[in-house]
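Colleague: Residues 1 to 101 in the UniProt record's numbering are what the sequence shown spells out, letter by letter.
Note that the Cβ used here is the ideal one computed from N, Cα and C, for glycine as well.
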Amino acid sequence: MRGKQKRYLRSQAHNMRPVFQIGKDGLSTEWLKQVEEAVEKRELIKVNILQNSIIEPEEVVAFLAEHSKIEVVQVIGHVLVLYKKSSKPKNRHYSLEVEAL
Numbered sequence: 001m002r003g004k005q006k007r008y009l010r011s012q013a014h015n016m017r018p019v020f021q022i023g024k025d026g027l028s029t030e031w032l033k034q035v036e037e038a039v040e041k042r043e044l045i046k047v048n049i050l051q052n053s054i055i056e057p058e059e060v061v062a063f064l065a066e067h068s069k070i071e072v073v074q075v076i077g078h079v080l081v082l083y084k085k086s087s088k089p090k091n092r093h094y095s096l097e098v099e100a101l
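(1) Inspect the CB distances between the region 71-89 and the region 31-45 and report whether three or more fall short of 8 Å.
(2) Taking C-beta to C-beta, are K46 and R7 nearer than 8 Å?
(3) Specify whether the region 89-96 and the region 54-66 touch according to this definition: at least 3 beta carbon pairs, one from each stretch, less than 8 Å apart.
(4) Mind listing, in chain order, the continuous beta strand (DSSP E) runs of no fewer than 3 residues lying wholly within the UniProt domain "CRM" (1-95)?
(5) Are L82 and V73 close, meaning C-beta to C-beta below 8 Å?
(6) Is the CB-CB distance between I22 and L50 below 8 Å?
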């Protein structure tokens with residue numbers, strides 16, 4: 001993904017609230033399945049890592065890279081912005097703009 005595309009996605013995610021949280025239970029395949037379903041419907045989501053979590057943002061990035069095709073657009077503190085183009089045309093809101101850039 002090019003810088004211009006990431007910049008657009010970051011600007012769109014700015015006012016979003018986190019959809020998912022990672023707590024003391026950490027990362028699991030069940031959590032990943034739910035995140036993939038949400039990203040399929042929304043294309044762009046925020047994930048918050050709670051204070052009581054032992055997971056670091058770098059671990060989440062590595063986990064997503066290894067187990068899915070979800071792209072990490074931005075990491076600020078304990079908040080991650082995730083993006084994946086939807087396979088369903090009716091759910092493609094951001095990907096149309098990203099491809100045009």
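Modeller: The short version:
(1) Verdict: yes, contact present.
(2) Not closer than 8 Å, so no.
(3) Taking a cut-off of 8 Å for Cβ pairs, the region 89-96 and the region 54-66 do not touch, as fewer than three such pairs fall below it.
(4) Within the UniProt domain "CRM" (1-95), the runs of beta strand (DSSP E) at least 3 residues long that lie entirely inside it are, in chain order, 20-22, 44-49, 71-76 and 79-83.
(5) Contact: yes.
(6) Taking 8 Å as the cut-off, the Cβ atoms of I22 and L50 count as close.
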